[in-house]
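Numbering (my numbering), first residue to last: 449 to 914.
Beta carbons are placed, not taken as given, at the ideal position from N, Cα and C, and that holds for glycine.
All values derive from a computational prediction rather than experimental measurement.
Encoded as structure tokens, the structure appears first; notes follow it.
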């Protein structure tokens, strides 16, 4: 099946932005990096931490089970709450925001085809208290998601909900908690067995930020009535296309090389700017994928490189009135990726009126669809005129198939550029340092050495506190 998304990189090229762009010769001279990255991904599909590359093809039975469970949840519960953090939440929010009504939870119950959805991806105490004020736990299904079963934030949430359900309300927790975790190891799989919880497995070789197309994401999507088979079909289309080693026919490989060359030219910020509110959370998901995968201190040879490109979220047209001034006239340190939509799922007309005010009346007779599209085109033009590198990815429509394409597209871009940068795309030592320090501050066993390190760390000085 042909890829439906379209990748336009004209405005990355020197023909359009002069000496701030990339020449055709630079692409040819550096194509060896693209070929090496492509070969690495091809040779390792489905192996190690590249298990995500096979998710569109190896989950037929899992999808069937997920759909059955999702149907039970839709029929029997008013609320569905995801307890997870990072990759256990960002993918769910991105896809659900893209493919359900933007005000789903506010719709009357008779108009909703799914429970209200709450994605609790933080441990702010006010947030948990606020959640419990607006849901009836007896009418709620909670999906606890952590592969390790030791994620402090998620397991803290689990303990609070378990205590509420069992000890305070006297409810059978197996009717209110679904576990998504590792198949064999970790705390949560043991808890699930003991409590008789419905359980879904995070496959081996699928890290958190690459988990949006496995049960981590698929169950919440299905509960919300999203066609997860179509989502996986879209992802499969990208997987099939990326077998092509020709950089001019593999847009994920081309974008990776262009970003790689941009980094070498000092463009160390990657802005994702969707022109559709439905896709705004895709930018949040991208920020984790890009930042956590590429931000590494050392390369695969042990050299200190401090690699990475800082991801930034912007939303059109909202951020034309906040961030675009910086993008147009600030430092030449950014690549802006626009995401456009050809056909919106709704059409809203701008009615006639204010005939005596020509600087407003010109809008009359047009649609918001036209306005948001023309504003994207205008911003693209303004950035290009100012010699700012930008590219555009266009979806013909926001639907399960195209969203599946978009997610898998950026996962492949990330895999390719990680190899070009010669880094480990799949580890996260910087994250682990913070986790370990948290464990030590709480006195968790096995972290005594880290606790001693923290105790001996240089103490803050009052003279620097105002």
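Handout entry: beta strand (DSSP E) segments (min. 3 residues) lying fully within the stretch 693-777
Key = 717-722, 744-746, 752-755 and 758-761
Handout entry: Distance, residue 891 Cα to residue 911 Cα
Key = 30 Å
Problem - Nearest to residue 643 (by Cα), restricted to the options 845, 541 and 622 - result: 622
Exercise for the section: Can you have a look at residue 471 and say buried or exposed, based on whether 16 or more other CB atoms are within 10 angstroms of its CB? Expected result: exposed
Handout entry: Contacting residues, own chain, Cβ-Cβ under 6 Å from residue 634 (five flanking each side not counted)
Key = 596 and 597
Handout entry: Beta-ladder partner(s) of residue 626, from DSSP
Key = 591 and 646
Practice task
Hey, could you find the ends of the beta strand (DSSP E) residue 564 is sitting in?
Solution key: 564-568
Exercise for the section: Quick one: grab the DSSP three-state call for residue 783. Expected result: strand
Handout entry: DSSP-derived helix/strand/coil call for residue 910
Key = helix
Handout entry: Spatial distance of residue 496 from residue 548 (CA atoms)
Key = 34 Å
Problem - Top-ranked residue by Cα proximity to residue 601, from 854, 572, 550 and 775 - result: 572
Exercise for the section: Out of 864, 883 and 627, point me to the one whose CA is closest to residue 480's CA. Expected result: 864
Exercise for the section: Could you tell me whether the Cβ atoms of residue 763 and residue 729 are closer together than 7 Å? Expected result: no
Exercise for the section: Pull up the distance between the alpha-carbon of residue 770 and that of residue 721, whole angstroms please. Expected result: 13 Å
Exercise for the section: Could you spell out where the beta strand (DSSP E) holding residue 456 opens and where it closes? Expected result: 454-456
Practice task
Could you say if the stretch 612-621 and the stretch 546-562 meet the contact criterion of at least three C-beta pairs nearer than 8 Å?
Solution key: no
Problem - Pairwise C-alpha distance: residue 837 and residue 765 - result: 19 Å
Practice task
Compare the C-alpha of residue 560 against each of 681, 861, 525 and 696 and name the closest.
Solution key: 525
Exercise for the section: Verify whether the separation of the beta carbon atoms of residue 503 and residue 661 is less than 7 Å. Expected result: yes
Handout entry: Those residues which DSSP pairs with residue 789 across a bridge
Key = 843
Practice task
With DSSP as the reference, please indicate the residues paired to residue 530 in a beta bridge.
Solution key: 567 and 591
Handout entry: Close-in-space but distant-in-sequence residues of the same chain around residue 819 (CB under 6 Å, 5 per side omitted)
Key = none
Problem - Contact set for residue 698: own chain, Cβ-Cβ below 7 Å, skip 5 residues either direction - result: 689, 690 and 692
Handout entry: Rounded straight-line distance, which links the Cα of residue 756 to that of residue 872
Key = 12 Å
Problem - Chain-order list of residues whose beta-carbon lies under 7 Å from that of residue 466 (same chain, five-residue window excluded) - result: 835
Practice task
Please state if the CB of residue 805 and the CB of residue 485 are separated by a distance shorter than 7 Å.
Solution key: no
Handout entry: Exposed unless 16 or more other CB atoms sit within 10 angstroms - verdict on residue 604
Key = exposed
Practice task
Taking residue 792 as the reference, give the member of 516, 646, 507 and 815 with the closest Cα.
Solution key: 815
Exercise for the section: Apply the 10 Å Cβ neighbour rule to residue 581 and answer buried if 16 or more other Cβ atoms are within range, or exposed otherwise. Expected result: exposed
Problem - Bounding residues of the alpha helix (DSSP H) (the contiguous stretch that carries residue 832) - result: 816-833
Handout entry: Selected residue, minimal CA-CA separation from residue 935, among 568, 609 and 591
Key = Outside the shown range of the chain, which is 449 to 914, sits residue 935, and nothing can be said about it.
Practice task
Would you tell me roughly how many angstroms separate the C-alpha atoms of residue 542 and residue 735, rounded to the nearest one?
Solution key: 12 Å
Practice task
Work out the CA separation of residue 774 and residue 839 for me, nearest whole Å.
Solution key: 17 Å
Practice task
Please work out which residues of its chain come closer than 6 Å, Cβ to Cβ, to residue 534, disregarding the five sequence neighbours upstream and downstream, and give them in chain order.
Solution key: 656
Practice task
With a cut-off of 8 Å on the beta carbons, I'd call residue 670 and residue 518 a contact; round off their distance for me.
Solution key: 4 Å
Handout entry: Through-space distance from residue 712 to residue 478, alpha-carbon basis
Key = 11 Å
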